[in-house]
Amino acid sequence: MFNHFLTRASRVSSLTKHNLLPAFRSAHSIPLATVEAEEISGAKPAEVLNLVQGKWIGSSNWNTVVDPLNGEPFIKVAEVDEAGVQPFVDSLTSCPKHGLHNPFKAPERYLMYGDISAKAAHMLSLPKVSDFFVRLIQRVSPKSYQQAFAEVYVTQKFLENFCGDQVRFLARSFAVPGNHLGQQSHGFRWPYGPVAIITPFNFPLEIPVLQLMGALYMGNKPVLKVDSKVSIVMEQMLRLLHACGLPVEDVDFINCDGKTMNKLLLEANPRMTLFTGSSRVAEKLAVDLKGRVKLEDAGFDWKILGPDVHQEDYTAWVCDQDAYACSGQKCSAQSLLFMHENWSKTSLISKLKELAERRKLADLTIGPVLTFTTESLLEHTKNLLEIPGSKLLFGGQPLEDHSIPEVYGAIKPTAVYVPLEEIVKDKNYDLVTKEIFGPFQVITDYKSSQLPIVLEILEKMHAHLTAAVVSNDPLFLQEVIGKSVNGTTYAGLRARTTGAPQNHWFGPAGDPRGAGIGTPEAIKLVWSCHREIIYDYGPVSNDWKIPPST
0 MFNHFLTRAS RVSSLTKHNL LPAFRSAHSI PLATVEAEEI SGAKPAEVLN
50 LVQGKWIGSS NWNTVVDPLN GEPFIKVAEV DEAGVQPFVD SLTSCPKHGL
100 HNPFKAPERY LMYGDISAKA AHMLSLPKVS DFFVRLIQRV SPKSYQQAFA
150 EVYVTQKFLE NFCGDQVRFL ARSFAVPGNH LGQQSHGFRW PYGPVAIITP
200 FNFPLEIPVL QLMGALYMGN KPVLKVDSKV SIVMEQMLRL LHACGLPVED
250 VDFINCDGKT MNKLLLEANP RMTLFTGSSR VAEKLAVDLK GRVKLEDAGF
300 DWKILGPDVH QEDYTAWVCD QDAYACSGQK CSAQSLLFMH ENWSKTSLIS
350 KLKELAERRK LADLTIGPVL TFTTESLLEH TKNLLEIPGS KLLFGGQPLE
400 DHSIPEVYGA IKPTAVYVPL EEIVKDKNYD LVTKEIFGPF QVITDYKSSQ
450 LPIVLEILEK MHAHLTAAVV SNDPLFLQEV IGKSVNGTTY AGLRARTTGA
500 PQNHWFGPAG DPRGAGIGTP EAIKLVWSCH REIIYDYGPV SNDWKIPPST
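With numbering that gives the first Met the number 0 applied, the sequence shown covers 0 to 549.
Here it is as structure tokens:
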């Protein structure tokens, strides 16, 4: 599928480059759009508004977002402060617990959302519209055109998947015969009503759209908060969705800091909150909201190369993509690579080094790290290199000749080797398994006899999002899969850690709070609960008499 992204993305990029696509204008391409992606600058800053109770509103507080590539202030975000949350509280609490629709209330809205999805999917399929969102994503979360295009493509395909009757199929019920004539039990998927969605910076379109639409499909009224650094992308997408028929009152959209959002959640008391982001914030929300949360939190993701060596070039390419695409800023990025000793005897590391070193800032195959500074990334590298037997395989240096602001990180793709016997030691374990949301990975090797040690390391991990077991040996796969947890695990010769397409579950396992995304199963799990209705019509027998007390 990734090769399909490359082909189609290259075609769209080429058309745009040679001006074969019409320039983006709100009156001629995306209805209601308010910005031009490539014209946003310090001289012509974009503005991001809030949406509440069906109205776009500004704020007395404007937060300035700097261009992650040159530090120029280029987006002004109307941020709501703690004193301004009341309209959002009122809007959310106006939604009843039984939702905006359910199988017994306003069922025509299931069909309405099927139509909205069809129209929005069509819009995103248009090259000029797709290209607009790709370029806008690149402005605020710099990644290569192909990576940004893949995000738009997955979003478009997701919307296609829920056209027509597919939304009401999500609410499919079942019936079980009762104990006597006239009795039947029916199970229904029921909305929560008022809900909240909090999403991160790294996928400014895909994550919020997929979770937002899932919430709406099931009958909920969400308030959506996207990281303010990238919220302009979702603001523009909401305007597109409104043009496709989304009722303006169905979704509220807020820009604010974490403290203000926490106040909103505590006062509005949503029935469920979906959080995608850091483990630290996730655990705080779980306590504050008394467990009414679904979490897709941090992922320290591992890959194991099994004893059977195949397709060395292909494996090296996938490892490079998994660790360094999007500058490693994926919750599914390859963080720890276990190589069987048979792989250690190949040229895999040298090939991985060559692939990493061809990445360059000019095409954003490497770029700014938005949650770590260069200093902190290099400090982490230094700390790892103090472990006995560790060594720098490649990278470990700042990017050169750039204007990325100091508040962000800018380092070359980096890999540090740490011996397996050192990783398992308590004094080193937390350091080695610290999630670094950037172009950074730890590599180690193991013998067949040391597989139990590898599995012990996996057992100690607290995050279980994605994993890859690269092997076509069925007994090896059986051993590793049977003794691991990760919710999205790829297995086989072509296994990877990254990739959250619309066609399979993506989410953690091993935690009852774990959230999924993208599939009917994920939507039903995250955005609805089970309600059982037992019909008992009778008749009551004519000779029935009151029985003795029991």
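Backbone N, C-alpha and C define an ideal beta-carbon position, used for all residues, glycine too.
#1: Tell me, which residues are paired with F202 by DSSP?
#2: Give the list of continuous alpha helix (DSSP H) stretches no shorter than 4 residues that lie fully inside the segment 505-546.
#3: Expressed to the nearest angstrom, what Euclidean distance is found between the alpha-carbon atoms of K142 and I365?
#4: Can you tell me where the beta strand (DSSP E) with M338 in it begins and where it stops?
#5: Between D307 and the rest of its own chain, which residues show a CB-CB distance below 8 Å, the 5 nearest in sequence each way excluded?
#6: Assuming V431 and L383 make a contact with CB atoms under 8 Å, what is their CB distance in whole Å?
#7: In the DSSP assignment, the beta strand (DSSP E) including G186 goes from what residue to what residue?
#8: Ends of the alpha helix (DSSP H) at I456?
#9: Quickly, what does DSSP pair Q440 with across the bridge? List them, please.
#10: Contact between the segment 313-331 and the segment 487-498 is defined here as three or more beta-carbon pairs at a separation below 8 Å; is this criterion met?
#11: Apart from the five residues just before and just after K329, which ones in its own chain have a Cβ nearer than 7 Å to its Cβ?
#12: Can you tell me which of the three DSSP states E46 falls into?
#13: Going by DSSP, name the residue or residues bridged to N62.
#14: Taking only the alpha-carbon atoms, compute the straight-line gap between F487 and L347 and give it to the nearest angstrom.
#15: What did DSSP end up calling F551 once you bin it into helix, strand or coil?
#16: Throw me the rounded Cβ distance for the T443 and V417 pair, which I believe falls under 8 Å.
#17: Comparing alpha-carbon positions, which option in Y109, N427, K424 and E81 lies nearest R188?
#18: Give the C-beta separation of V225 and P246 to the nearest angstrom, bearing in mind that I take them to be a contact with Cβ-Cβ under 8 Å.
#19: Report the three-state DSSP secondary structure of D472 (helix, strand or coil).
#20: Okay, do the segment 517-529 and the segment 207-224 touch, 3+ Cβ pairs below 8 Å being the bar?
#21: Hey, out of G186, P126, Q52 and M111, whose CA is closest to D561's CA?
#22: If you draw a straight line from the alpha carbon of V65 to that of P72, how long is it in whole angstroms?
#23: Drop a sphere of 10 angstroms on the beta-carbon of R238, count the other beta-carbons inside from all chains shown, and report buried for 16 or more, exposed for fewer.
#24: What residue range does the beta strand (DSSP E) around V222 cover?
#25: Helix, strand or coil for T549 per DSSP?
#26: Can you check DSSP and say which residues form a bridge with A467?
#27: With a threshold of 16 other CB atoms inside 10 Å of the CB of W543, please say whether the residue is buried or exposed.
#28: Three or more beta-carbon pairs under 8 Å between the segment 386-404 and the segment 291-299, yes or no?
#29: Counting Cβ pairs closer than 8 Å, one from the segment 183-198 and one from the segment 122-130, do we hit at least three?
#30: Could you give the residue range of the alpha helix (DSSP H) that holds F157?
#31: Taking its Cβ as the centre, do 16 or more other Cβ atoms sit within 10 Å of P538, making it buried, or is it exposed?
#32: Put V308 into one of helix, strand or coil per three-state DSSP.
#33: Rounded C-beta distance between Q182 and D535? I'm assuming under 8 Å.
#34: Here's the rule I'm using: 16 or more other beta-carbon atoms within 10 Å means buried, otherwise exposed. How should P95 be labelled?
#35: When you compare only the Cα positions, how much space is there between P397 and F439?
#36: Measuring CA to CA, which of P500, H503, M460 and Q501 is closest to N485?
The relevant details are as follows:
#1: Within the sequence shown, numbered from 1, the residue matching residue 202 stands at position 203. Paired residue(s): none; F202 is not in a bridge.
#2: List check, alpha helix (DSSP H) in window: 519-526.
#3: As a first step, residue 142 is located in the sequence shown; it is residue number 143 there, counting from the start. As a first step, residue 365 is located in the sequence shown; it is residue number 366 there, counting from the start. Between K142 and I365, the C-alpha separation is close to 7 Å.
#4: The residue you call residue 338 lines up with position 339 of the sequence shown. Per DSSP, the unbroken beta strand (DSSP E) holding M338 starts and ends at Q333 to H339.
#5: The residue labelled residue 307 in the question sits at position 308 within the sequence shown. Here the set comprises N341, S470, N471, D472 and F475.
#6: Numbered from 1 along the sequence shown, position 432 holds the residue referred to as residue 431. Numbered from 1 along the sequence shown, position 384 holds the residue referred to as residue 383. Correct: roughly 7 Å between the Cβ atoms.
#7: As a first step, residue 186 is located in the sequence shown; it is residue number 187 there, counting from the start. Its beta strand (DSSP E) spans residues Q182 to W189.
#8: The residue given as residue 456 occupies position 457 in the sequence shown. Run containing I456: L450 to K459, per the alpha helix (DSSP H) assignment.
#9: What you label residue 440 is simply residue 441 of the sequence shown in a count that begins at 1. Answer is A414, bridged to Q440.
#10: Yes: the two stretches touch, three or more of their Cβ pairs being nearer than 8 Å.
#11: Along the sequence shown, read from residue 1 onward, the residue named residue 329 stands at position 330. Excluding sequence neighbours, K329 sits near N201 and T497.
#12: Here the question's residue 46 lines up with position 47 in the sequence shown. It is a strand residue.
#13: Taking the sequence shown and counting its residues from 1, the one referred to as residue 62 is at position 63. DSSP lists V76 as partners of N62.
#14: As a working note, residue 487 is residue 488 in the sequence shown. As a working note, residue 347 is residue 348 in the sequence shown. Here residue 487 turns out to be Thr, not Phe, going by the sequence shown. Cα-Cα distance, rounded: 25 Å.
#15: This structure cannot speak to residue 551, because the chain is shown only from 0 to 549.
#16: Translated into positions along the sequence shown, residue 443 becomes position 444. Translated into positions along the sequence shown, residue 417 becomes position 418. T443 to V417, Cβ: 6 Å. Contact.
#17: Taking the first residue of the sequence shown as 1, we reach residue 188 at position 189. Cα-wise, what sits closest to R188 is Y109.
#18: Counted from its first residue, the sequence shown places residue 225 at position 226. Counted from its first residue, the sequence shown places residue 246 at position 247. V225 to P246, Cβ: 20 Å. No contact.
#19: Translated into positions along the sequence shown, residue 472 becomes position 473. Three-state DSSP puts D472 in coil, outside helix and strand.
#20: yes
#21: Here the chain covers residues 0 to 549 and nothing more, so residue 561 does not appear.
#22: Counting from 1 along the sequence shown, the entry for residue 65 is found at position 66. Counting from 1 along the sequence shown, the entry for residue 72 is found at position 73. Rounded to the nearest angstrom, the two C-alpha atoms are 4 Å apart.
#23: Here residue 238 refers to the residue found at position 239 of the sequence shown. Its Cβ being crowded by 16 or more others within 10 Å, R238 is buried.
#24: For the purposes of this step, residue 222 is identified with residue 223 of the sequence shown, where counting begins at 1. First-last of the beta strand (DSSP E) with V222: K220 to V225.
#25: Sequence index remark: in the sequence shown, residue 549 carries index 550 (1-based). Coil, per DSSP.
#26: Against the sequence shown, residue 467 aligns to sequence position 468. Bridge partners of A467: K302 and Y489.
#27: One-based indexing of the sequence shown puts residue 543 at position 544. It counts as exposed.
#28: Contact between the segment 386-404 and the segment 291-299 is absent, because fewer than three Cβ pairs lie under 8 Å.
#29: no
#30: Working through the sequence shown from its first residue, we reach residue 157 at position 158. Start and end: Y144 to N160.
#31: Within the sequence shown, residue 538 is the residue found at index 539, counting from 1. It counts as exposed.
#32: Your numbering for residue 308 matches position 309 in the sequence shown. Of the three classes helix, strand and coil, the one that applies to V308 here is coil, per DSSP.
#33: Indexing the sequence shown from 1 puts residue 182 at position 183. Indexing the sequence shown from 1 puts residue 535 at position 536. Their Cβ separation, rounded to whole angstroms, is 5 Å, which keeps Q182 and D535 in contact under 8 Å.
#34: In the sequence shown, the residue the question calls residue 95 occupies position 96. With fewer than 16 other Cβ atoms within 10 Å, it is exposed.
#35: If you number the sequence shown from 1, residue 397 lands on position 398. If you number the sequence shown from 1, residue 439 lands on position 440. The straight-line gap from Cα to Cα measures roughly 12 Å.
#36: Position 486 of the sequence shown holds residue 485. Comparing Cα positions, the closest option is M460.
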